[in-house]
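Residue numbers (this note's numbering), protein chains in the order written: chain A, 86 to 230; chain B, 367 to 593. Glycine included, each C-beta is placed from N, C-alpha and C at the ideal position. Quick caveat, the model's predicted, so the values are computed rather than measured.
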Amino acid sequence: MHELSIAASIVDAVTESAAAYPGARVTAVRLRVGALAAVIEDSLQFCWDIATEGTPLQGAALVVRVMPVVIHCAGCGVDAELDGVQSFRCPRCGELAADLRQGRELEIESIELEEPDPACESASQQVSESAEPAAPVMNQTGRWE
Amino acid sequence: MITRIVELRRGILKKNDELAAALRRRYIAAGVLVLNLVSSPGAGKTTFLEWTLRKLRQAGARAAALVGDLETDKDARCLAASGAPARQINTHGICHLDAEMVGKHLDAWSETAGANGATLAALDYLFIENVGNLVCPSSYDLGERIRVALLSVTEGEDKPLKYPALFNSADTAVITKIDLAAPCAFDRELTLRNLNEIRPGIRVFETSAKTGAGMEEWLAYLQAERT
Ligand SMILES: Nc1nc2c(ncn2[C@@H]2O[C@H](COP(=O)(O)OP(=O)(O)OP(=O)(O)O)[C@@H](O)[C@H]2O)c(=O)[nH]1
Ligand SMILES: [Mg+2]
Ligand SMILES: [Zn+2]
C-alpha cells in the first residue's frame, strides 16, 4: 500500500506547479499510469481524498488514464499494444518480447485550473467556456524510464 | 472564470528516480555490484543472502548487506552471522525501501566505517534486501544493477502472473526452498513458463539454502556479473 505516499507526492508536485498561477484553483489533475506501474486506481482515489483534505487541492478530481503495455517485437519490427499483463507476447507473431516501450509510466500529465478572467476582472459572472489550448510545457524532465 | 490546462509531464516518483540515478553513479564510481532482493514475506531472502555472504567471504570477496524491515533488527543480526557487515533499515510502516533511505544509511555507515562499517569503495558486492512485499518495491529504483525476485516453492506457481509488475521489473529470478519441492508438489515447468511469460528471457536459479543446491551456479553468476 504505497498509494498514500504516491498521493502525497502528487499533492506536492501539483501545489508547486500551481503556484505559478496565483488566484487559480486546481479543479482536476490528470495522470498517466502504466498497466505495470503497480498502482491500484481505487486505492489511489481513496488516498487522494485523504491527501488533499484541508489543502487548496481539496475537491480537485483525480483523472487516471491507464496506459497499456506496448512491446517492441524485433521479429516483426513493430511496436504492439498488449491486452493485459499476463503474457508478454507479440500479438502478431506470438513470440515473447522483452522490449517494453510503454506501461511503467507514473506521471502527472496535466492539471486543470480555474482562474479569474483577466479581461473582465469585475464581471466575474461572465464565464468563458473556451479552454486555453496553448498550454506551456512546464517540465519535460523526470519522465518515467 | 476561465479554465486553463497546464501540461506538466512530470514523473510522480521523480525525486526517487533522481536520487536513484545519483546512487547508481556512486556505485559505478566505487566499482561495487549492487543487487536489490525482492520477494513476498518469508520467501527466504535473509536465509539465501546469509548463505551467499558466507560463501562470498570464503571466496575472498568483500560483500555487505543492507536489509529493510518494518520493525526489528533480526534480519541484520542474522545476516551478520555470515561475518559480513550488515545494517538494518527500519521503515516503521513503509512497505518498501526507497533511494533516500538507502542513501542515508550508506552515508551513516561509511561514517562509522571500521570494524562493522562499510564504505562502498571497499566492497565488491552490496546486497539490499527489500521489505517483504510483492507490490510496492517494484516502483522504487534503488540504483541497483540487478533486481532479483525470489519465489519459494511453497508459494504457488502462479505468483509471477499475480504480481506481473514486480516480476516484469526483475532481471533475475531465484526459486528458493527447492528442498521442499516434492512435499509441495511443486510444478517446476509451470513456474518457469510463468516467469518467462511475464519476463521473457529472465535468468532463473533454483536453490535451497538448506541443502546448498543451485548455489554454485548463483555464485558463478555473481562473479561473472562483476567482471
Ligand atoms: N526448507 C527450507 N526453508 C527455508 C529455506 N530458506 C529459508 N527457509 C525458511 O523460511 C523461513 C523464512 O525465511 P527468511 O530467510 O527469514 O525469509 P525472508 O524472505 O527474509 O522473510 P522477510 O524478511 O520476513 O520477508 C525461515 O523459517 C527459513 O528457515 C530453504 O531453502 N529451505
Ligand atoms: Mg528477511
Ligand atoms: Zn512479432
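Query                                                                                                                   : Result
For A:ARG186, the nearest candidate out of A:VAL96, A:ASP164, A:LEU129 (CA to CA)                                       : A:ASP164
Proximity to B:ALA536 [Cα-Cα], best of B:ILE394, B:LYS421, B:LEU389, B:VAL404                                           : B:VAL404
Selected residue, minimal CA-CA separation from B:CYS550, among B:GLU521, B:GLU583, B:ILE568                            : B:GLU521
B:LEU546 CB to nearest heavy atom of ligand 1 below 7 Å                                                                 : yes
Straight-line Cα distance separating A:ALA123 from B:ASP383                                                             : 16 Å
Below-8 Å beta-carbon distance, A:ALA104 vs any chain B residue                                                         : no
Closest Cα partner of A:GLU88 within the set A:ARG177, A:GLU194, A:PRO201, A:ASP134                                     : A:ASP134
CB of B:ILE544 within 8 Å of CB of B:VAL570, strictly                                                                   : no
A:GLU180 Cβ short of 7 Å to ligand 3 heavy atom set                                                                     : yes
Same chain, Cβ closer than 6 Å to B:LEU486, neighbours up to 5 away in sequence not counted                             : ALA396, VAL398
Residue range of the unbroken alpha helix (DSSP H) whose run includes B:ILE568                                          : From DSSP, B:ILE568 is part of no alpha helix (DSSP H); its letter is neither H nor E.
Assigned secondary structure, A:VAL99 (DSSP; H/G/I helix, E/B strand, else coil)                                        : helix
Proximity of B:LEU546 and B:PRO503 at Cβ, strictly below 8 Å                                                            : no
Beta carbon proximity, A:ASP202 to chain C, threshold 8 Å                                                               : This model lacks chain C altogether; the protein chains it does include are A and B.
Buried versus exposed, by CB contacts within 10 Å (16 or more), B:GLU510                                                : buried
Chain A within 8 Å of B:GLY377, Cβ atoms only                                                                           : yes
contact_flag[the stretch 187 to 203 of chain A, the stretch 374 to 381 of chain B] where n(CB pairs < 8 Å) is 3 or more : yes
Endpoints, beta strand (DSSP E) assigned at B:SER518                                                                    : 512 to 518
Per-residue contacts from B:GLY567 into chain A (C-beta, under 9 Å)                                                     : LEU181, ALA183
Chain-ordered residues of the stretch 439 to 453 of chain B with a beta carbon less than 9 Å from chain A               : none
Alpha-carbon spacing of A:ALA183 relative to A:CYS158, whole angstroms                                                  : 8 Å
DSSP three-state assignment for A:VAL222, whether helix, strand or coil                                                 : Note that A:VAL222 scores a pLDDT of 41, beneath 50, so its modelled location is shaky; the value from the coordinates is reported in the next line. A:VAL222: strand per DSSP, three-state reduction.
Cross-chain neighbours of B:THR538 in chain A, by beta carbon under 7 Å                                                 : Correct list: empty, because the minimum Cβ distance to chain A is about 13 Å.
For B:ASN402, the three-state DSSP class (helix, strand or coil)                                                        : strand
Limits of the unbroken beta strand (DSSP E) element including A:ASP164                                                  : 163 to 166
Whole-Å CB distance - B:LEU432 paired with B:ILE455, under 8 Å assumed                                                  : 6 Å
Beta-bridge pairing of A:LEU147 - partner residues as DSSP gives them                                                   : A:VAL114
CA nearest to the CA of B:ALA450, picked from B:VAL501, B:ASP553, B:LEU422                                              : B:LEU422
Alpha-carbon spacing of A:GLU230 relative to A:ASP168, whole angstroms                                                  : Its pLDDT being 35, under 50, A:GLU230 is placed unreliably in this model, and the value from its coordinates should be taken loosely. Spanning the two alpha carbons is a distance of roughly 21 Å.
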